[in-house]
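Trainee:
Numbering (our numbering), first residue to last: 301 to 403.
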């Protein structure tokens, strides 16, 4: 049996080939949830007022393994810190942080 690893080292280049199913989704808000085996990011764009509050259009759902979710957290933190260092702090309103979604 070979002891070769399938892990990509920092020295190796990584190529990404987009399939015919590839799509881009622009999100103005997200809702996070978890199960016992994965993490989920619901992607919202448009919002409109209804009788008892706000309604959002959900444009997609990203389902991540635990490891992929942790990698996203680490890389997103790194990129946000670099962005804020260059452009200033990104402010998130209390209203947006407290918003609860009924899915």
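Backbone N, C-alpha and C define an ideal beta-carbon position, used for all residues, glycine too.
Just to confirm my understanding: we take residue 340, look at its own chain, exclude 5 residues before and 5 after, and list those with CB closer than 8 Å. What are they?
Mentor: Once the five neighbours on either side are set aside, the close Cβ partners of residue 340 are 332, 333, 334, 361, 362, 363 and 364.
Trainee: When you compare only the Cα positions, how much space is there between residue 330 and residue 374?
Mentor: The straight-line gap from Cα to Cα measures roughly 18 Å.
Trainee: How long is the line joining the alpha carbons of residue 347 and residue 388, rounded to whole angstroms?
Mentor: Taking the straight line joining both Cα atoms gives about 27 Å.
Trainee: Where do the ends of the beta strand (DSSP E) carrying residue 355 lie?
Mentor: First-last of the beta strand (DSSP E) with residue 355: 353-365.
Trainee: By how many angstroms is the C-alpha of residue 315 removed from the C-alpha of residue 342?
Mentor: Rounded to the nearest angstrom, the two C-alpha atoms are 27 Å apart.
Trainee: Measuring only the C-alpha atoms, how far is residue 323 from residue 385?
Mentor: Cα-Cα distance, rounded: 30 Å.
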